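Peer 1:
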Amino acid sequence: MIVSNVPLRAVLWDFDGVLNVNAPGGRFLWSKGFEDKFGAPIDDFTDAVFGGLDGLLTGAEDIFDRIDGWITGSGADTTPEAVVQHWLDNDFHPNVRIQQAIARLQRQGLRQAILTNADSRRADWVDGLLPQFPGIEQVFASARIGHAKPATEAFQAVLDAMELTAGEVLFIDDSSTNVNAAGSMGFRTFRYSPLAHDALEWSLPR
């Protein structure tokens, strides 16, 4: 973590892999039961829908269009709405220890927000989960910003909206690429993993 000479005023959290433990061991939990439900190989689905994410994550593409193309190619008897509903209904697995940390930071008066790489429909879904994380004031999603982490523009959009400087913000993410990008802009940073949770607790204000 980079120690700044200005007071810490805010914590910026990544969502998936930090607040949401949805892929333990590298396998997304929502994929369980997918093939039985839709009658098509999960690997073909992920290749068709999640291959080459830039368009989705920057808001240039709608995930429904990609899923519709997969349905046409696979012959699956379903709709884009049903597939996304299955995905999102099975994708939220909150990190209870992080929830507790967020509540403590709120009591200490620190501002908090989420910066996530997400398509527009998933971004709306994350908005709906904010009651699970009292103290987080806003979701900044790449599809709304038009830039995805680790692009400088994604981080700068948060600073501009919150009227903060990089040194006033602690950014926590499970991606070393994203953490390094934020650090190069002057953010305080922490690379999260479940094994590093105790170290994170020691790094947070107490």
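In this note's numbering, the protein residues as written are 188 to 393.
Don't be surprised by glycine CBs; every beta carbon is placed ideally from N, CA and C.
Model, not experiment: these values are computed from the prediction.
(1) My guess is that L391 and L292 are in contact by the Cβ rule of under 8 Å, so how many angstroms apart are they, rounded?
(2) Enumerate, from N- to C-terminal direction, the unbroken beta strand (DSSP E) stretches of 3 or more residues contained entirely within the stretch 265 to 351.
(3) L206 to T265, Cα distance in whole Å?
(4) Could you give the C-beta distance for I301 and I332, rounded to a whole number, given that I count them as a contact under 8 Å?
(5) Do you know whose CA, among L216, N192 and E248, lies nearest S307's CA?
(6) Mapping DSSP to helix, strand and coil, what is A247?
(7) On the three-state DSSP scale, how would you describe G253?
(8) Put A197 into one of helix, strand or coil per three-state DSSP.
(9) Would you decide whether N192 is buried or exposed? Buried here means 16 or more other CB atoms lie within 10 Å of its CB.
(10) Looking only at C-alpha atoms, which of D361, A227 and A290 sits nearest to N209?
(11) Hey, how far is the Cα of I258 from the Cα of I229?
(12) Could you work out which residue in T303, D276, R298 and F377 is closest to D203 when comparing CA atoms only?
(13) Distance, Cα to Cα, A263 vs F237?
(14) Compare the Cα-Cα distances from V270 to each of R378, F251 and A369 and report the closest residue.
(15) If you drop the 5 nearest sequence neighbours on each side, which residues of the same chain put their C-beta closer than 8 Å to that of L346?
(16) Would you list the one or two residues that DSSP bridges to N192?
(17) According to DSSP, I359 sits in a beta bridge with which residue or residues?
(18) Decide if W389 is buried, meaning its Cβ has at least 16 other Cβ atoms within 10 Å, or exposed.
(19) Would you say L195 and R375 are within 8 Å of each other, going by their C-beta atoms?
(20) Assign L206 to one of three DSSP states: helix, strand, or coil.
Peer 2: If we stick to the structure as given:
(1) 7 Å
(2) 298 to 303 and 323 to 328
(3) 30 Å
(4) Actually they do not touch by this definition, with Cβ atoms about 12 Å apart.
(5) E248
(6) coil
(7) Note on residue identity: the sequence assigns Arg, not Gly, to residue 253. Of the three classes helix, strand and coil, the one that applies to R253 here is helix, per DSSP.
(8) strand
(9) exposed
(10) D361
(11) 12 Å
(12) T303
(13) 17 Å
(14) F251
(15) T352, A353 and V356
(16) N192 is not bridged to any residue.
(17) W200 and F377
(18) exposed
(19) yes
(20) coil
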